[in-house]
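S.K.: Protein chains in written order, with the working numbering: chain A, 104 to 319; chain B, 104 to 319.
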DNA sequence: AATTTTGTTGACCGGTTGGTCAGGTTGTGG
DNA sequence: CCACAACCTGACCAACCGGTCAACAAAATT
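#1: Is any heavy atom of the ligand MN found at a distance shorter than 8 angstroms from the C-beta of residue 162 of chain B?
#2: Determine the burial state of residue 330 of chain B: buried for a count of at least 16 other Cβ atoms within 10 Å of its Cβ, exposed for fewer.
#3: Look at residue 260 of chain B and residue 196 of chain B and say whether their C-beta atoms are less than 9 angstroms apart.
#4: How would you list, in chain order, the residues of chain A whose beta-carbon sits under 9 angstroms from the beta-carbon of residue 278 of chain B?
#5: Just by C-beta distance, which residues in the region 146 to 167 of chain B are closer than 8 angstroms to chain A?
#6: By the 10 Å Cβ neighbour count, where 16 or more other Cβ atoms means buried, how is residue 185 of chain B classified, buried or exposed?
#7: Are the Cβ atoms of residue 303 of chain A and residue 172 of chain B separated by less than 9 angstroms?
#8: Can you tell me the Cα-Cα spacing of residue 141 of chain B and residue 236 of chain B, whole angstroms?
#9: Using a cut-off of 8 angstroms between C-beta atoms, extract the partners of residue 219 of chain B located in chain A.
#10: Could you check whether residue 276 of chain B and residue 219 of chain B sit closer than 9 angstroms to each other, using their CB atoms as the reference points?
#11: Starting from residue 227 of chain A, follow the alpha helix (DSSP H) in both directions and report where the run begins and ends.
#12: Can you list the residues of chain A that residue 281 of chain B reaches, using a CB-CB cut of under 9 angstroms?
#13: Output the boundary residues of the alpha helix (DSSP H) element that contains residue 121 of chain A.
#14: Is the CB-CB distance between residue 151 of chain A and residue 132 of chain A below 9 angstroms?
#15: Just to confirm, is the Cβ distance from residue 284 of chain A to residue 228 of chain B under 9 angstroms?
#16: Residue 223 of chain B and residue 223 of chain A: beta carbons closer than 9 angstroms?
#17: Could you tell me whether any Cβ in chain A is nearer than 9 angstroms to the Cβ of residue 180 of chain B?
#18: Quick one: give me the first and last residue of the alpha helix (DSSP H) that residue 294 of chain B is part of.
#19: Ends of the alpha helix (DSSP H) at residue 157 of chain B?
#20: Keeping to the same chain, check which residues put their C-beta closer than 6 angstroms to that of residue 279 of chain B; ignore five residues upstream and five downstream.
#21: Alpha carbon to alpha carbon, what distance is there between residue 221 of chain A and residue 282 of chain B?
#22: Taking the straight line between their C-alpha atoms, what separation do you get for residue 246 of chain B and residue 120 of chain A?
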């Protein structure tokens, strides 16, 4: 048996497939339940029911409720950080910040449950991911602040406090996920349409970009 | 006994005083515990300990955990609505929206626990205050949107979607309460100083006001 | 085909939680 | 000073929750 065949077998083996699929189903159910009930309000039984598995099976893949929760939070954090790719290779603030806002709005739309879990985690004092905040997030923030400061120094945008600007972007974009229920209620109880999402994105972009002196 | 004497006695009676004071202490403790642990994670025992009362005493004043929670949520909702007073008798958007942002930032600073409870309630689908969203909040929103629209029609500000503008103000201001822990962590673990709160308020105000074409 | 590893699950358990209640204490009106 | 109402609380309970485990099934390995 050569190396390729072995790798192929490992990746395609039924065992591996079962594990991957079950973990996926469990994490998806957990994300939803944690988002809708909070960590304390969520029960392993509820997650199991939503995943269509016996509760004992959950504990086979994830030792404890906290382990499962940690994985859910880490998943959304990864997505969150990736949105920064828009930021990096941008020529100036109009392009960079505009693309970042669009990326974050897209995340709010496609991962509303993950966003809520993250918000909930932070609101409760980040008991699980405090170390991420102090290391990865801090470095990430410092890096983007430096980019914004360079744009300001180059006269490409108004001298707005870069940190506060990032907070404003985070707040406005995540609002559409975290407070989605309120927004839906004020929208006659109906989810936002494609057009409404585009309008919201455009409004956020235009107000912020004009607010930092990039648009006229 | 005349009417005045009776009212005076009722308001000053020790019984009334005891009830009012105990309810106040319990609500204050409950707000903090619900904010830090969520509804599901909060326990009556924890609230009782923080209030310095036996658990059974809590159930004397508030029949169920849900009753207590409902009162906490209603309290913050009242404060929330009152911030709109800044909006109403304003000559134009610079004054009205500026004052509203300041009022909401002040609420985020002075009632961080209440803000978090409100956010948590909405994030979880507003199980307790859904009717408020559909009645009071909707009317409130429609009213302010009309005011903003009049300003736009009068040429006092750029034609920004009034609804999205309100959402942006809610999001940016409440962010400082709901994500206060994250902001504090990124601030070297220290709470914002007076000066930093003023800076944050000014940045939010200037970016939004410039963003809607009110500032140059 | 035998053996080992991995996956599956109903039944069970100790600990915690929201809520109750009986019996006591304190304040109030007559 | 008496009777009634409001307030207080230790002890208790049924329900539920996270987690365990033994016994079994299925797949992989030899």
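The C-beta atom is built at its ideal place from N, Cα and C for all residues, glycine as well. Treat the numbers as computed from the prediction; the structure is a model and nothing was measured.
M.R.: Let's see:
#1: As for the ligand MN, it is missing from this structure, which has no ligand bound.
#2: Because chain B is modelled from 104 through 319, residue 330 of chain B falls outside the range shown and cannot be assessed.
#3: Against a cut-off of 9 angstroms, the Cβ pair of residue 196 of chain B and residue 260 of chain B comes out as a contact.
#4: 270, 271, 273, 274, 275, 277 and 278
#5: Cβ contacts with chain A come from no residue of the region 146 to 167 of chain B.
#6: exposed
#7: no
#8: 20 angstroms
#9: 226
#10: Not in contact: residue 219 of chain B and residue 276 of chain B (Cβ atoms no closer than 9 angstroms).
#11: Counting along the chain, residue 227 of chain A falls outside any alpha helix (DSSP H), and DSSP gives it neither H nor E.
#12: 222, 225, 226, 274 and 281
#13: 117 to 144
#14: yes
#15: yes
#16: Yes, these two residues count as a Cβ contact at 9 angstroms.
#17: no
#18: Element bounds for residue 294 of chain B: n/a, residue is neither H nor E.
#19: It is not in any alpha helix (DSSP H) - residue 157 of chain B carries neither H nor E in the DSSP assignment.
#20: 211
#21: 10 angstroms
#22: 55 angstroms
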